[in-house]
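Participant: Mind having a look at this structure? Questions to follow.
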Amino acid sequence: MTAFIVQRNGRAATVEELAPLAFAGYAHFTAMQVRDGRIRGLDLHLERLRVASVELFGQALPDDRVRSYLRTALAASPPDVSLTATMYSPAGEFTTTGIDVEPDVLVRTGPAAAGPQGPLALATVEYERVLPAVKHVGEVAKTYFLRNAVGHGLDDAAFVDRKGRLSEASIWNLAFWDGTAVVWPVAAMLGGTTMGVVRRQLDRLGIPQRDREITPADLPTLTGAVVMNSWTPGIAVYRIGSAAVPEAPAFVDLLHKAYHAEPLTAP
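And the structure:
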């Protein structure tokens, strides 16, 4: 995306600071949509950064400091933006040193986004992400499978693990509707912040939710499917692999209602 600002630890990043990162792949990040300077699920984004930093670097920055970097970036940006906050170690990668070095924070803002219109058709590919619970950088497979799917006339790709279970899509979580409840696939995957927002608001709305293993063979028994990420709480999916899925506009509307019930919070 075209950047409005790129800051490292709350100040403008220099070319010298950014150049090594162009060739690095040991980092993690969170992406969010900011509206009027505020964010839905800010607590979930901070938790994601904290947990992943401990996993990758052995330590995490205090939430208050991360929030200060977000505030500084947003103060220099338009009120409605996409924001990505990336954590990386200044010690670099391919080294065992640096466990006592605090991670740096790179914040980038750019134009606000809402995702594609849909409905979408997804290819199915057998793939499992390394460290699936971490939103880490350098994942060539996601773009590779996306481009391969588009080259075959589809819109994107959904992943099937070695047990035959649907997990997630390239940059999306999956959610399904069985006619009475929202169904979340059970497999090793990244738990999205939008997914977290939707889940807790569905609870508050009293909407039933179920967690279950879903295979491609189960798709004909379901009555709706969507993908969701930081862009949107739901884009209809009408085909996954060879299985057609009803578009279920009421299901999509329900997810959007739940998402917009989440208050916007200023960092």
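At position 250 of the sequence shown the residue is numbered 250 (the working numbering), and the sequence of numbers has no breaks.
Where a beta carbon is used, it is the ideal one built from N, C-alpha and C, also for glycine.
Need the endpoints of the alpha helix (DSSP H) that Glu17 sits in, please.
Facilitator: Along the sequence shown, read from residue 1 onward, the residue named residue 17 stands at position 17. First-last of the alpha helix (DSSP H) with Glu17: Val15 to Leu18.
Participant: Find the nearest neighbour of Thr232 within the set Leu255, Arg71, Ala217 and Gly164, judged by alpha-carbon distance.
Facilitator: For the purposes of this step, residue 232 is taken as the residue at position 232 of the sequence shown. Nearest of Leu255, Arg71, Ala217 and Gly164 to Thr232, Cα basis: Leu255.
Participant: Name the residue from Asn173, Ala123 and Leu44 whose alpha carbon lies nearest to the alpha carbon of Pro132.
Facilitator: Counted from its first residue, the sequence shown places residue 132 at position 132. Per the Cα distances, Asn173.
Participant: Check whether the Cβ atoms of Ser170 and Asp156 sit closer than 9 Å, and answer yes or no.
Facilitator: Stepping through the sequence shown from its first residue, residue 170 is reached at position 170. Stepping through the sequence shown from its first residue, residue 156 is reached at position 156. Yes, the pair counts as a contact, with Cβ atoms nearer than the cut-off.
Participant: Give every residue of the same chain whose Cβ lies closer than 6 Å to the Cβ of Leu298, excluding the five residues on either side of it in the sequence, and list them in chain order.
Facilitator: Past the boundaries of the shown model lies residue 298; the chain is included only from 1 to 267, so the question cannot be answered.
Participant: Just curious, the alpha helix (DSSP H) that Gln117 is in, first and last residue?
Facilitator: As a first step, residue 117 must be located in the sequence shown, where it is residue number 117. It is not in any alpha helix (DSSP H) - Gln117 carries neither H nor E in the DSSP assignment.
Participant: Enumerate, from N- to C-terminal direction, the unbroken alpha helix (DSSP H) stretches of 4 or more residues contained entirely within the stretch 179 to 239.
Facilitator: You should have 193 to 205.
Participant: Report back the beta-carbon spacing between Glu294 and Gln201 to the nearest angstrom; my notes put them in contact at under 8 Å.
Facilitator: Lying outside 1 to 267, the shown extent of the chain, residue 294 is not represented and no answer is given.
Participant: When we look at the beta-carbon of Lys135 and count the other beta-carbons within 10 Å, is it buried (16 or more) or exposed?
Facilitator: Taking the sequence shown and counting its residues from 1, the one referred to as residue 135 is at position 135. Lys135 is buried by the Cβ-count criterion.
Participant: Can you check whether the CB of Ala149 is closer than 9 Å to the CB of Leu205?
Facilitator: The residue given as residue 205 occupies position 205 in the sequence shown. The residue given as residue 149 occupies position 149 in the sequence shown. No, they are not a contact pair.
Participant: Below 8 Å CB to CB, which residues in the same chain sit around Pro119 once its five sequence neighbours on both sides are set aside?
Facilitator: Here the question's residue 119 lines up with position 119 in the sequence shown. Around Pro119: Ile235, Ala236, Val237, Tyr238 and Glu247.
Participant: Among Tyr26, Gln59, Thr2 and Leu106, which residue has its Cα nearest to the Cα of Ser68?
Facilitator: Against the sequence shown, residue 68 aligns to sequence position 68. Considering only alpha carbons, the answer is Leu106.
Participant: How about Val186 and Ile207: are their beta carbons less than 9 Å apart?
Facilitator: If you number the sequence shown from 1, residue 186 lands on position 186. If you number the sequence shown from 1, residue 207 lands on position 207. In this structure, Ile207 does not lie closer than 9 Å to Val186 by Cβ.
Participant: At the level of alpha carbons, what is the spacing between Ala158 and Gly115?
Facilitator: Position 158 of the sequence shown holds residue 158. Position 115 of the sequence shown holds residue 115. Their Cα atoms are separated by approximately 17 Å.
Participant: With DSSP as the reference, label Glu168 as helix, strand or coil.
Facilitator: Within the sequence shown, residue 168 is the residue found at index 168, counting from 1. If DSSP states are grouped into helix, strand and coil, Glu168 belongs with the strands.
Participant: Is the separation between the beta-carbon of Leu46 and that of Val66 shorter than 9 Å?
Facilitator: Position 46 of the sequence shown, counted from the first residue, corresponds to residue 46. Position 66 of the sequence shown, counted from the first residue, corresponds to residue 66. Closer than 9 Å, so yes.
Participant: Are the beta-carbon atoms of Gly153 and Ala112 separated by less than 9 Å?
Facilitator: Numbered from its first residue, the sequence shown carries residue 153 at position 153. Numbered from its first residue, the sequence shown carries residue 112 at position 112. Cβ atoms of Gly153 and Ala112: not closer than 9 Å.
Participant: Taking just the CA atoms, how far does Leu190 sit from Ala141?
Facilitator: Counting from one through the sequence shown, the residue named residue 141 turns up at place 141. Counting from one through the sequence shown, the residue named residue 190 turns up at place 190. Computed Cα separation, rounded: 15 Å.
Participant: Quick test of your reading: Thr265 and Leu70, contact by CB under 8 Å. State the CB separation rounded to the nearest angstrom.
Facilitator: What you label residue 265 is simply residue 265 of the sequence shown in a count that begins at 1. What you label residue 70 is simply residue 70 of the sequence shown in a count that begins at 1. Contact flag wrong, Cβ pair sits at about 11 Å.
Participant: Near Val54, which residues of its chain fall below 6 Å by C-beta distance, leaving aside the five closest residues on each side in sequence?
Facilitator: Residue 54 sits at position 54 when you count from the first residue of the sequence shown. Closer than 6 Å at Cβ, skipping near neighbours: Ala60.
Participant: State buried or exposed for Gly192, treating a residue as buried only when at least 16 other CB atoms are found within 10 Å of its CB.
Facilitator: As a working mapping, residue 192 is identified with position 192 in the sequence shown. With 16 or more other Cβ atoms within 10 Å, it is buried.
Participant: Provide the residue(s) that pair with Val105 in DSSP beta bridges, ordered along the chain.
Facilitator: For the purposes of this step, residue 105 is taken as residue 105 along the sequence shown, with counting starting at 1. Val105 pairs with Met87.
Participant: Could you tell me if Phe57 is buried or exposed, where buried requires 16 or more neighbouring beta carbons within 10 angstroms of its beta carbon?
Facilitator: Stepping through the sequence shown from its first residue, residue 57 is reached at position 57. Per the 10 Å Cβ criterion, buried.
Participant: Which residues bound the beta strand (DSSP E) around Val54?
Facilitator: For the purposes of this step, residue 54 is taken as the residue at position 54 of the sequence shown. Per DSSP, Val54 belongs to no beta strand (DSSP E); it is in the alpha helix (DSSP H), Leu42 to Phe57.
Participant: In the DSSP assignment, find the alpha helix (DSSP H) that holds Asp253 and state where it starts and stops.
Facilitator: Indexing the sequence shown from 1 puts residue 253 at position 253. That run of the alpha helix (DSSP H) goes Pro249 to His260.
Participant: Any idea if Phe145 is buried or exposed, counting beta-carbon neighbours within 10 angstroms, 16 or more meaning buried?
Facilitator: By one-based count along the sequence shown, residue 145 stands at place 145. Phe145 should be labelled buried.
Participant: Taking the straight line between their C-alpha atoms, what separation do you get for Arg129 and Pro79?
Facilitator: Against the sequence shown, residue 129 aligns to sequence position 129. Against the sequence shown, residue 79 aligns to sequence position 79. About 34 Å.
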